[in-house]
Amino acid sequence: MISEASKARFAREVAKYPADQKQSAVMACLAIAQQELGYINDGTEREIADYLGMPVMAVHEVTTFYNMYNQKPVGKFKLNVCTNLPCTLREGVSTLQYLEKKLGISMGETTADGMFTLQQSECLGACADSPVLLVNDRSMCSFMSTDKIDQLVDELRAVGGK
825 MISEASKARF
835 AREVAKYPAD
845 QKQSAVMACL
855 AIAQQELGYI
865 NDGTEREIAD
875 YLGMPVMAVH
885 EVTTFYNMYN
895 QKPVGKFKLN
905 VCTNLPCTLR
915 EGVSTLQYLE
925 KKLGISMGET
935 TADGMFTLQQ
945 SECLGACADS
955 PVLLVNDRSM
965 CSFMSTDKID
975 QLVDELRAVG
985 GK
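According to our numbering, the residues represented by the sequence shown are 825 to 986, in order.
So this is what it looks like as structure tokens:
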């Protein structure tokens, strides 16, 4: 259930659009709900659809189209590795495989301690910096050699354990 504080944030987003176009705030509302709840489930989609006066399926289409919306609980750190063709040609897939081995999970899984979820991404828009990965949909990491991956994972573990 979405809190009143989050609904107040929804209202600020909706106010940015003409009254007859309030569903334009759907992506912002999904992001706010995910910040509060950690992921978007069917009930959350229903609440947002009701709030914005739009069909639940329309909200679900947005949730499932963008990989920044978690449809199930994820770890404290979500790592998205770009495996689109340009990145695949520059070690994107082997980067994903290295992380699978290092974390002991397969793509789409979360570590037993709840620290990391590993996902693949289509395009992160940084082909020249490949291999690239995105941490928690916010921090882009470029030129990710195995040494840089080891350092990143160690730093995240240190921060996540506090």
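Positions of the beta carbon are idealized from the N, C-alpha and C atoms, including for glycine. Since the structure is predicted, the reported quantities are computational estimates derived from the model, not experimental observations.
Neighbour-count burial assignment, residue i, 16 or more Cβ in a 10 Å radius
i, result
"Y1039", "Look at the range of the chain in this structure, 825 to 986, and you will see that residue 1039 is not part of it."
"E871", "buried"
"L909", "exposed"
"F940", "buried"
"T879", "Note that residue 879 is Pro in the sequence shown, not Thr. By the neighbour-count rule (16 or more Cβ atoms within 10 Å), P879 is not buried but exposed."
"T887", "buried"
"E946", "exposed"
"V956", "buried"
"L913", "exposed"
"Q975", "exposed"
Residue i vs residue j beta-carbon contact at 8 Å
i, j, result
"L876", "I864", "no"
"E837", "A852", "yes"
"L958", "F901", "no"
"S954", "G916", "yes"
"L942", "E933", "yes"
"V977", "Q944", "no"
Three-way DSSP call (helix, strand, coil) for residue i in this model
i, result
"S963", "strand"
"T935", "coil"
"V880", "helix"
"L913", "coil"
"S848", "helix"
"I826", "coil"
"A839", "coil"
"K972", "helix"
"Q921", "helix"
"Y875", "helix"
Residue-level contact to chain D via CB, residue i, 8 Å cutoff
i, result
"S848", "In the structure shown, chain D does not exist; there is a single protein chain."
Which residues DSSP lists as bridging residue i, in chain order
i, result
"S945", "C906"
"F901", "F940"
"L927", "Answer is none; L927 lacks a bridge partner."
"L861", "Paired residues: none, contrary to the question."
"L958", "N904, M964"
**Prompt:** Pairing CB atoms from the region 947-967 with CB atoms from the region 925-938, are three or more of them under 8 Å?
**Reply:** no
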